[in-house]
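Notes for the one structure printed next.
Protein chains: 4
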Amino acid sequence: MIFVLKPGHTEQDLQHLIDRITEVGLTPHVSRGEERTIVGAIGDERKLIDLPVETLPGIEKVVPILKPYKVVSRDFKKEDSIVKIGSVPIGGRKIQVIAGPCAVEGIDILREIAGEVKALGATVLRGGAFKPRTSPYSFQGLGEEGLKYLAAVREETGLPVVTELMNIRHTDLVDKYADAVQIGARNMQNFDLLKEVGKLKKPIILKRGMSATILELLMSAEYIASEGNTDIILCERGIRTFETETRNTLDINAVPVLKGLTHLPIVVDPSHATGRWELVTPTALAGIAAGADGILVEVHTDPEKAVSDGNQSLKPKKFAEMMERVRKVAEAVGRTA
Amino acid sequence: MIFVLKPGHTEQDLQHLIDRITEVGLTPHVSRGEERTIVGAIGDERKLIDLPVETLPGIEKVVPILKPYKVVSRDFKKEDSIVKIGSVPIGGRKIQVIAGPCAVEGIDILREIAGEVKALGATVLRGGAFKPRTSPYSFQGLGEEGLKYLAAVREETGLPVVTELMNIRHTDLVDKYADAVQIGARNMQNFDLLKEVGKLKKPIILKRGMSATILELLMSAEYIASEGNTDIILCERGIRTFETETRNTLDINAVPVLKGLTHLPIVVDPSHATGRWELVTPTALAGIAAGADGILVEVHTDPEKAVSDGNQSLKPKKFAEMMERVRKVAEAVGRTA
Amino acid sequence: MIFVLKPGHTEQDLQHLIDRITEVGLTPHVSRGEERTIVGAIGDERKLIDLPVETLPGIEKVVPILKPYKVVSRDFKKEDSIVKIGSVPIGGRKIQVIAGPCAVEGIDILREIAGEVKALGATVLRGGAFKPRTSPYSFQGLGEEGLKYLAAVREETGLPVVTELMNIRHTDLVDKYADAVQIGARNMQNFDLLKEVGKLKKPIILKRGMSATILELLMSAEYIASEGNTDIILCERGIRTFETETRNTLDINAVPVLKGLTHLPIVVDPSHATGRWELVTPTALAGIAAGADGILVEVHTDPEKAVSDGNQSLKPKKFAEMMERVRKVAEAVGRTA
Amino acid sequence: MIFVLKPGHTEQDLQHLIDRITEVGLTPHVSRGEERTIVGAIGDERKLIDLPVETLPGIEKVVPILKPYKVVSRDFKKEDSIVKIGSVPIGGRKIQVIAGPCAVEGIDILREIAGEVKALGATVLRGGAFKPRTSPYSFQGLGEEGLKYLAAVREETGLPVVTELMNIRHTDLVDKYADAVQIGARNMQNFDLLKEVGKLKKPIILKRGMSATILELLMSAEYIASEGNTDIILCERGIRTFETETRNTLDINAVPVLKGLTHLPIVVDPSHATGRWELVTPTALAGIAAGADGILVEVHTDPEKAVSDGNQSLKPKKFAEMMERVRKVAEAVGRTA
């Protein structure tokens, strides 16, 4: 950590800072420049993280040097991690396509959609049994019944299933039925929920919050990892910006940035990132071209009647076209799909 | 709800839309213009909210007419609501100042801070026993012990206490000790938590999420209200923007906008909205000038040693200066403090 | 245009609105619903655009129906436009790569860079003679001398050249030397400059402002087109968001959105959109996968000594690798490069 | 400037960095920590600003220490600057109110509005003769005729006048008629225009760009100052965020932040910052409470018929109410109005 002192600071301010650095077991290193005095704190700066160091007298600026996350960083582990959902490896050469309806609406429709996406090449089935809805008056999901349908369709199709966990009280329930647990964007900083899934022996898909920085996403992954579960898949699903033509803005830059900072696999969700079905294929292709390890996409056989997110769901015919194009772009970047 | 059809839509598209509108019990109203055909759906459009109407063939744009929230709206209740924390009314003529440390750190320090803020005019004590921290390695709060300290200090000072609830499993615990329950910005869309506190018989301070729109804040308030608890105080605490000089950007516009849209009282948190103690007083004054019913401010007798948010905490001396200025501005806008 | 009246509006308010609509030559169309009265203004609503219609008494909301741009819209022209820079068509099957240094620094270095990028497949040369710099103390460009170097290198290599115009007084000068004129992000709403280049007989590359919406970008293109010049190439170069890991956030969604709204060709600038050379290739590939017609990329043979934007410039070796990958992805999406 | 080297950098990388720092005349200062090596460059780091230092091999992070602006900074001049528009001092104890129509529409209406605002306490008249409009089809201003009307009304009322300059070619014209020149938000980074007005002997009102950081605003002020004109008034007029209830978000934090960083006076524009007349008074009061030296507000005697921005214009009656409240809040913060 580096401390820049204000011009005109007193010697007492400087000594006070030196004392504080020394107290926590770090070594101060003073450098007096023409316009500013700078003090480095040498050692494990994480000891300083909780201290309100900017409040010390005479301080102009404090610059952290180390990254505040550890286990999930590339420094910690050089090679790419591969996380398995059931037997499906996310993060290897093959781009995996996780597809299904936004919400589980019934056993028949789920079976129908699962059959379609499997036939077209999806390797994991998604579907929400608990739905985070902006309005209390909207459909909130089928709950355990929905989980049972997912499990039943897994038996029939062999597709492992991913579903969202929103409520800490449902952890055991979701753990019982799902092959991977999704933490939604709105819960990315629900820290108790993160700790809870950090204790599971199951892969976690952690979606980036709609206004979370890349650093905050990694800190939330660190929460999960710090409890022992490092089977984490990060998901870029669009961030909130001033643009109103689309529901969110897919932060495509985040894909290569994350590849540099962490060893964890990364998937892209073009359905939420755009909010409009006709934009799903081009942005899915962009995600793969940028280096994503998979895509998470909403598919529905009758979007017009979907109880949630129908506007952004692909029909099987469009999904088929997308898959064909996904395969070509995957090959173009040296992968398969 | 109004539907704008694409130029070149078919008669079949139009008929299909009319059928869908009729099916849910609304009345379609077609108007053919020179460049666009427009269809209004007359009746309670909330019936259409869950339907993916944009996905219907031939639709260019869908415009909702009604507000999706009800109980918390000004349409529902014309006069301002007054919500009491203990015996302290929030929303009346008097501007209330809720002050205290970011986190409860110990009984002695809490007692000391509470004594100071009470003497200087604060009427409610704040302090976190459960802390939402970005890093899993940061201090996470004292838990129930912290709640006990809050209760003890309430007994001693007579100040009602506000504390944050993050984990649905701690609801009873927090309910047992606190006079008002705070839902933090990161949990503004933790819908299960909202439903839970909607069942309490206790006022809720609902903080705006850092990238939540005003509409979403009101929808989250509606979640609480829809469970029966309408004792809700909204809190503007800064939103996330591109600006990096401050931790967040206080959305001062939100104060009069909310006053127009809802009958609920509104408080402003200048500590989180700026992240720097020297900006707290000017923005607190701005909040009051703009019409806020109270302010929520972090105070610490030794910010340098605070375990959390010391950089944005006022020392008692600065808090005293702020209070003096708060009183003057309150009077200038026809209120007291 | 649709007007939603407030609940409780008077009959006089309604009549007043009807009068105003009629006055400008449109036809009012009243529809009384259960909760709201709605009035449509039928006809060319552009007549209402300049009127402060929201200020009329009793109005709750005003919803425009038509797009405010005309000449640049898909409605106006269905098929894709192809814009030629010199003899290089932008918008056809071939993805064009516009490459070169950020700033023209000297004839030798420009010649060297131009030689490299041409050999590797770039078809247009870029380079700034007038540089928009945040600091008045930074290098501001070589001015006319730089333009002469660009023209000289064009003679030698046959590559047409693109350069930025910032100052209306330099229009003739830039027009004299350049094959295409770039309007930079900071000038996207410099309306006088837009009108000026609208009178040129030369293609314009219009870069999206860093906080401009897609609609505003199209309105700025309309400014140019309204003066008679429809040879416009739109450029997505990243928008400003809260994320700080990258200089800007490439709005990849904008590519397919723009393809739907306008017939103009679209290029992507991965250098400015990321600000870091190691992110240029993945985001360039993403742009092509999403449907862009070309990319605009900064290349320097000695980025360490570049006077501007060296951090985001590719060395020829990296540019060669990018070109190889660009070709593969272009083919995967049915194009060439 | 501080350089943090990557873990695993080579000794050659370090030596190369040291050489580069030495070359530009600064002194390198190496500090080897447990996890990172850090190099400080001691001396005037502005020498490094134009160099792409992040591109040097082995560099993880570069941290500037000094502020890149000079003349406009508090370090350069400790006491508040007072800038006079005509004989009206901006930045002193008195809060000045600059009021008038968005656009000059005609001599009679201008005279009428000027009479009203003067009678109610405004001390400077505003009005645009050249209007930056999003659409080429909107009213673009009366041009020189409008300037003449402003000058005529100044003669009659004694109010000095402020008007916007958009086009470098109109500099002499605007200089001839106006008492202060406004640079609009869209031109905040039109650097040639800034240099031009930097040569005038007339105060400049520099409006913050809608996505400009506080740092960029100060750099643009520095552009003007670097040409010799330090009579600059900064204007906070709202920034672009994700919120859609208001046209912009007034960044109230910016007022005290700017007061700390610069000696220049600061005014707030509540009309553009909100876009809705009913929000103008509360946000104007907030601006004053936060420490602004004045407000810039749109007033129109018949907003319904205003050719521009009628939705955000106050009628004289509302303006009178605002002025009364402005005076009270000004007094509450130890000023007059």
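Respectively, the protein sequence lines represent chains A, B, C and D. Position 99 (the first sequence) corresponds to 99 in the numbering used here; numbering is contiguous. Position 320 (the second sequence) corresponds to 320 in the numbering used here; numbering is contiguous. Position 226 (the third sequence) corresponds to 226 in the numbering used here; numbering is contiguous. Position 202 (the fourth sequence) corresponds to 202 in the numbering used here; numbering is contiguous. In this text, a Cβ means the ideal position worked out from N, Cα and C, and glycines have one as well.
Residue from the options with nearest C-alpha to residue i
i	options	result
Arg237 (chain A)	A:Gly228, A:Thr246, A:Ile21 and A:Asp251	A:Asp251
Ile232 (chain B)	B:Lys202, B:His16 and B:Arg186	B:Lys202
Gly86 (chain B)	B:Thr274, B:Ile204 and B:Gly228	B:Ile204
Leu285 (chain C)	A:Gly334, A:Leu296, A:Gln312 and A:Val297	A:Gly334
Met210 (chain D)	D:Tyr177, D:Thr274 and D:Glu156	D:Thr274
Ile90 (chain B)	B:Leu14, B:Val162 and B:Ile214	B:Val162
Glu105 (chain C)	C:Gly146, C:Lys328 and C:Lys78	C:Gly146
Asp50 (chain D)	D:Val30, D:Ile21, D:Gln312 and D:Asp75	D:Ile21
Arg276 (chain C)	C:Glu245, C:Val267 and C:Ala306	C:Glu245
His300 (chain C)	C:Asp309, C:Asp293 and C:Glu60	C:Asp309
Start-to-end residues for the alpha helix (DSSP H) that takes in residue i
i	result
Lys328 (chain C)	Pro316 to Ala332
Pro265 (chain B)	Looking at the DSSP string, Pro265 (chain B) is not in any alpha helix (DSSP H), and its letter there is neither H nor E.
Gln12 (chain B)	Glu11 to Glu23
Pro270 (chain B)	Pro270 to Thr274
Ile168 (chain B)	Looking at the DSSP string, Ile168 (chain B) is not in any alpha helix (DSSP H), and its letter there is neither H nor E.
Arg111 (chain B)	Ile107 to Leu120
Ile214 (chain B)	Ile214 to Ser226
Ala284 (chain A)	Val280 to Ala289
Leu66 (chain C)	Per DSSP, Leu66 (chain C) belongs to no alpha helix (DSSP H) and is neither H nor E.
Glu298 (chain A)	Taken as a continuous stretch (DSSP letters only), Glu298 (chain A) belongs to no alpha helix (DSSP H), being part of the beta strand (DSSP E) at Gly294 to Glu298.
Leu150 (chain B)	Glu144 to Thr157
Residue i versus residue j: straight-line alpha-carbon distance, rounded
i	j	result
Ala290 (chain B)	Lys94 (chain B)	15 Å
Val63 (chain B)	Val53 (chain B)	10 Å
Asp302 (chain C)	Leu264 (chain A)	34 Å
Glu324 (chain B)	Ala122 (chain B)	12 Å
Gly141 (chain D)	Glu164 (chain D)	11 Å
Tyr69 (chain A)	Arg133 (chain B)	13 Å
Leu159 (chain B)	Ile239 (chain D)	39 Å
Glu23 (chain D)	Val4 (chain A)	24 Å
Thr340 (chain B)	Ile38 (chain C)	Only positions 1 to 337 of chain B appear in this structure, which leaves residue 340 (chain B) out of reach.
Thr10 (chain D)	Leu56 (chain A)	36 Å
Gln189 (chain D)	Ser220 (chain D)	7 Å
Phe139 (chain D)	Gly260 (chain B)	32 Å
Val72 (chain C)	Ala225 (chain C)	7 Å
Ile295 (chain B)	Pro256 (chain D)	18 Å
Residue i beta carbon near the ligand NAD (any heavy atom closer than 8 Å)
i	result
Thr22 (chain A)	Ligands displayed in this structure: none; no statement on the ligand NAD is therefore possible.
Cβ-based neighbour list, residue i, same chain, cut-off 7 Å, excluding 5 preceding and 5 following
i	result
Ala330 (chain B)	Ile95, Ile288, Thr336 and Ala337
Lys195 (chain B)	Tyr223 and Glu227
Beta-bridge pairing of residue i - partner residues as DSSP gives them
i	result
His29 (chain A)	A:Gly40
Ser73 (chain D)	D:Thr262
Delimiting residues of the beta strand (DSSP E) encompassing residue i
i	result
Gly100 (chain C)	Gln96 to Gly100
Phe191 (chain D)	Counting along the chain, Phe191 (chain D) falls outside any beta strand (DSSP E), though it belongs to the alpha helix (DSSP H) covering Phe191 to Val197.
Lys207 (chain C)	Ile204 to Lys207
Leu234 (chain D)	Ile232 to Glu236
Lys84 (chain D)	Val83 to Ile85
Arg126 (chain D)	Val124 to Arg126
Cutoff 6 Å; reference residue i; Cβ partners in own chain excluding five residues on either side
i	result
Glu243 (chain C)	Thr249
Leu66 (chain D)	Glu45
Leu193 (chain C)	Ile168 and Asn187
Test: residue i CB closer than 9 Å to a CB of chain G
i	result
Gly91 (chain C)	This model lacks chain G altogether; the protein chains it does include are A, B, C and D.
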